[in-house]
Amino acid sequence: METLTQLANQFYVRELVGILLFASTTSWVINTLLRIFGARSIKRPRTPDLEKPSIQAQRTKQIDRKQGEWIPQDFKRPDPVAYPNWDVHTSQPKPYRPFRYGPKYFITMGLRSMKWDEWIELDNHYPRYHADKARRIKEREKKCVMVAPEAMDGVIELLEELQSPAAPISPCATHPSSAKPPWASTTSSPENLSTSRSVRSPRTP
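Per the numbering used here, the very first residue in the sequence shown carries number 7; after that it's consecutive.
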């Protein structure tokens with residue numbers, strides 16, 4: 007009788023172990039399949055890429071041109087709004103969040119579109135930055151600024167684009183209430199009133 011009881015117990019234990027293994031294996035397989043096929047069917051919507059135009063916009067903006075040929079287009083940047091109560095000696099830098107709020111943030115190149123009024127924002131650090139750059143340019147001369155001849159037109163265009171929004175954005179440094187901007191176009195070369203330097207473009211005769 008004892009031998010029969012032991013055999014029966016061993017049989018039940020083997021059956022129980024087999025059932026448990028089968029149940030756990032089946033549960034693992036089902037969960038794995040649900041994860042794979044569920045992730046494919048339900049995807050998190052991607053963050054819209056503001057730097058790339060939509061397919062419809064790409065179709066409407068197609069221009070007939072040869073490969074490697076660029077057709078110039080007229081474009082004028084919207085005039086920015088002047089900063090209220092701006093002063094080159096007292097205006098603090100605006101606090102910005104360097105990354106998007108949320109529990110997870112995947113670091114990428116960080117390319118985003120910007121508002122036109124936020125392209126150039128001067129603050130009370132500007133005189134120090136300007137003095138450092140002027141000193142380095144004076145010390146290193148051509149080693150500090152090098153431009154390829156074929157890129158000169160693009161560099162001049164960028165220079166003109168950078169100096170043009172500074173005038174309407176920032177009022178006069180010494181007279182905040184004055185309508186005269188820090189870059190006063192009294193001559194063909196705009197003058198930086200905060201440093202008494204003229205911004206002379208290579209295109210200026």
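We put the CB at the ideal spot given by N, CA and C, even for glycine.
A straight line joining the alpha-carbon of Tyr132 with that of Lys139 spans about 10 Å.
A residue is called buried once 16 or more other Cβ atoms fall within 10 Å of its Cβ, and Leu128 is buried on that count. Val94 counts as buried, since at least 16 other C-beta atoms from the protein chains shown sit within 10 angstroms of its C-beta. The Cβ neighbour count for Pro86, taken over all protein chains shown within 10 Å, is at least 16; the residue is labelled buried. Within the same chain, and ignoring the five residues on either side of Val153 in sequence, the residues whose Cβ sits closer than 7 Å to its Cβ are Val161. Counted as a single uninterrupted DSSP element, the alpha helix (DSSP H) harbouring Arg134 occupies residues Tyr132 to Arg146.
For Leu40, the secondary structure class from DSSP, reduced to helix, strand or coil, is helix. Ranking Thr38, Lys100 and Leu164 by CA distance to the CA of Asn130 puts Lys100 first. 7 Å or more divides the Cβ of Trp122 from the Cβ of Pro90. Between the alpha carbons of Thr38 and Gln98 lies a gap of roughly 55 Å.
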